[in-house]
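One structure below.
Here you go:
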């Protein structure tokens, strides 16, 4: 532990690191900036706050009270009042409304419209997917395709009954599906750890470290551990900054709602709430960042000079980002950043056929790149010890 603390301090002693960190955190905050300045951001948060109160109030009503409200609004404003295709009557904006002076009818009508539309879409997806799974399952059974039979049975079991929305989900897509904060964290990590081993050679301190009492293995392990700790801290700082920026610039709503309230995840088979999906998605991103950190550190251990390790790691980072955007046909070739945006793993039941067993690709990618990273880390440690033995 003492060596890990020592190596972590060495990372932070880089005089350029803190200014670069502050600059990148500022860039992260600006990424989510939208026009109209502070006034516009305040207005958007105010709208979200009012909508949240309307949804909470509507959820507190009994089923009979909801039915009475619907009936009263239909009689007052017409049979199409809850259809999103028709404008809300101007009279509905005046007070007092059906629920008194605190809420105009228009506010509650809008809330019901959104919930009706969202829940209808969820039911349509549930029906289409389960019917499709039954059809393809029967076809697979006729063809003797055990893998497809298992997969479609699993789809039917996963979808099952779907919880309905009681509140609109707003702006979480902006936070979840923006890869730039993770790229910013990776650039900071590249800057900090690419010289962890090779930098010792440039400073002529590698001989001293390798011939010390802890030089056989503990020094190498502590460098990997310090790099991983720094990477986790850097990622969390950047992600917290991006969350704060999204909340400040747009306002966030629906954290406890089913994840199907996010349009991109209508076909998600897993019964996540939004907050659970946020944790899973950020956990996948963190794993991708840690894998890249291991690769950066291993390259540094295998290179003879700091300049060479920075060049190789720059190519590694650039190539990984390129694969992220190119999206090759085979999932195996997506590179170590495959987990950086796990939407394609959770927007549907997207599986890998491993020994005729349907396994979620997210688990396969974690295992695949984890083993590769561990192998490179062991190789880097082995080379480190070979140099020590020669000394």
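Numbering (the working numbering), first residue to last: 255 to 645. Cβ atoms here follow ideal geometry from the backbone N, Cα and C, with glycine treated the same way.
| said: Quick check on residue 211: does DSSP put it in helix, strand or coil? | reply: Absent from the model: residue 211. The displayed extent of the chain is 255 to 645, so no value can be given.
| said: Just to check my reading of the structure: residue 515 and residue 508 have Cβ atoms closer than 8 Å, yes? What is that Cβ distance to the nearest angstrom? | reply: That pair is a contact at about 6 Å.
| task | Mind reading off the beta-carbon distance from residue 521 to residue 602? Whole number of angstroms is fine, and I expect it under 8 Å. | result | Between residue 521 and residue 602, the beta carbon gap of about 5 Å places them in contact (Cβ cut-off 8 Å).
| Looking at the structure shown, is residue 560 part of a helix, part of a strand, or coil, going by DSSP? | Collapsing the DSSP output to three states places residue 560 in a helix.
| said: Taking the beta strand (DSSP E) that residue 480 belongs to, which residues open and close that run? | reply: Looking at the DSSP string, residue 480 is not in any beta strand (DSSP E); the run it does join, the alpha helix (DSSP H), is 472–503.
| field | One or two residues paired with residue 538 in a DSSP bridge | value | Residue pairing by DSSP places residue 538 opposite no residue, since no beta bridge is assigned to it.
| message | Please identify the residue among 310, 600, 566 whose C-alpha is closest to the C-alpha of residue 519. | response | Comparing Cα-Cα distances from residue 519 to each of 310, 600, 566, the minimum goes to 600.
| field | Residue range of the unbroken alpha helix (DSSP H) whose run includes residue 446 | value | Segment 434–447, the alpha helix (DSSP H) holding residue 446.
| Helix, strand or coil: how does DSSP classify residue 398 here? | The DSSP-derived three-state label of residue 398 is coil.
| field | residue 608 in three-state terms, based on DSSP | value | Residue 608 falls in the strand class under three-state DSSP.
| With 16 other CB atoms within 10 Å as the buried threshold, where does residue 488 fall? | With 16 or more other Cβ atoms within 10 Å, it is buried.
| task | Using only alpha-carbon positions, find the residue among 393, 356, 409, 366 that is nearest to residue 382. | result | Nearest neighbour of residue 382 by Cα position, chosen from 393, 356, 409, 366, turns out to be 409.
| request: Would you decide whether residue 513 is buried or exposed? Buried here means 16 or more other CB atoms lie within 10 Å of its CB. | output: Counting Cβ neighbours within 10 Å, residue 513 comes out buried, since at least 16 surround it.
| query | Just curious, the alpha helix (DSSP H) that residue 319 is in, first and last residue? | reply | For residue 319, the uninterrupted alpha helix (DSSP H) run begins and ends at 317–331, by DSSP.
| Could you give the residue range of the alpha helix (DSSP H) that holds residue 282? | Looking at the DSSP string, the run of the alpha helix (DSSP H) that includes residue 282 is 271–285.
| request: Check each candidate in 348, 495, 419, 431 and name the one with the smallest Cα separation from residue 276. | output: Among 348, 495, 419, 431, the Cα nearest to that of residue 276 belongs to 495.
| Member of 572, 304, 565 whose CA lies at the smallest distance from the CA of residue 362 | Ranking the options by Cα distance to residue 362, first place goes to 304.
| For residue 588, which option in 615, 566, 609 has the closest C-alpha, if you only look at C-alpha atoms? | Out of 615, 566, 609, 615 has the C-alpha closest to the C-alpha of residue 588.
| Start-to-end residues for the alpha helix (DSSP H) that takes in residue 265 | Note, residue 265: alpha helix (DSSP H), 256–266.
| query | Given a threshold of 16 other Cβ atoms within 10 Å of its Cβ, counted over all protein chains shown, does residue 623 qualify as buried or as exposed? | reply | Result: buried.
| DSSP-derived helix/strand/coil call for residue 231 | Residue 231 lies beyond the stretch modelled for the chain, which goes from 255 to 645, so this question has no answer here.
| field | As assigned by DSSP and simplified to three states, the class of residue 424 | value | Strand at residue 424.
| task | Report yes or no: do the stretch 293–311 and the stretch 334–351 share at least 3 C-beta pairs separated by less than 8 Å? | result | As far as the Cβ criterion goes, the stretch 293–311 does not touch the stretch 334–351, which means the pair count is below three.
| task | Give me whichever residues DSSP pairs with residue 512 in a beta bridge. | result | Beta-bridge annotation (DSSP): residue 512 is paired with 527.
| Of all the options 374, 590, 380, 585, which has the alpha carbon lying nearest to the alpha carbon of residue 525? | When only C-alpha atoms are compared, the closest one is 380.
| said: Quick check: the stretch 530–541 against the stretch 421–438, are at least 3 beta-carbon pairs closer than 8 Å? | reply: In short, these stretches touch, since the Cβ pair count reaches three.
| request: Return helix, strand or coil for residue 613, following the three-state DSSP convention. | output: Annotated three-state conformation of residue 613 is strand, per DSSP.
| Mind checking residue 567: buried by the 16 CB within 10 Å criterion, or exposed? | Classification for residue 567: buried.
| query | Hey, would you say residue 286 sits closer than 8 Å to residue 479, going by beta carbons? | reply | No, they are not a contact pair.
| query | Can you give the Cα-Cα distance for residue 298 and residue 281, rounded to whole angstroms? | reply | Cα to Cα, residue 298 sits roughly 21 Å from residue 281.
| request: Count the other CB atoms, across all protein chains shown, that sit within 10 Å of the CB of residue 611; report buried if there are 16 or more and exposed otherwise. | output: Label assigned to residue 611: exposed.
| task | List the whole-angstrom C-beta distance separating residue 403 from residue 438, where the pair is believed to meet the contact cut-off of C-beta under 8 Å. | result | Taking the Cβ atoms as the reference, residue 403 lies roughly 45 Å from residue 438, outside the contact range of under 8 Å.
| query | Distance, Cα to Cα, residue 263 vs residue 450? | reply | So the alpha carbons of these two residues sit roughly 12 Å apart.
| said: Does residue 351 come out as helix, strand or coil in the three-state DSSP assignment? | reply: DSSP places residue 351 in strand when its eight states are reduced to three.
| Same chain, Cβ closer than 7 Å to residue 335, neighbours up to 5 away in sequence not counted | Once the five neighbours on either side are set aside, the close Cβ partners of residue 335 are 327, 328, 363.
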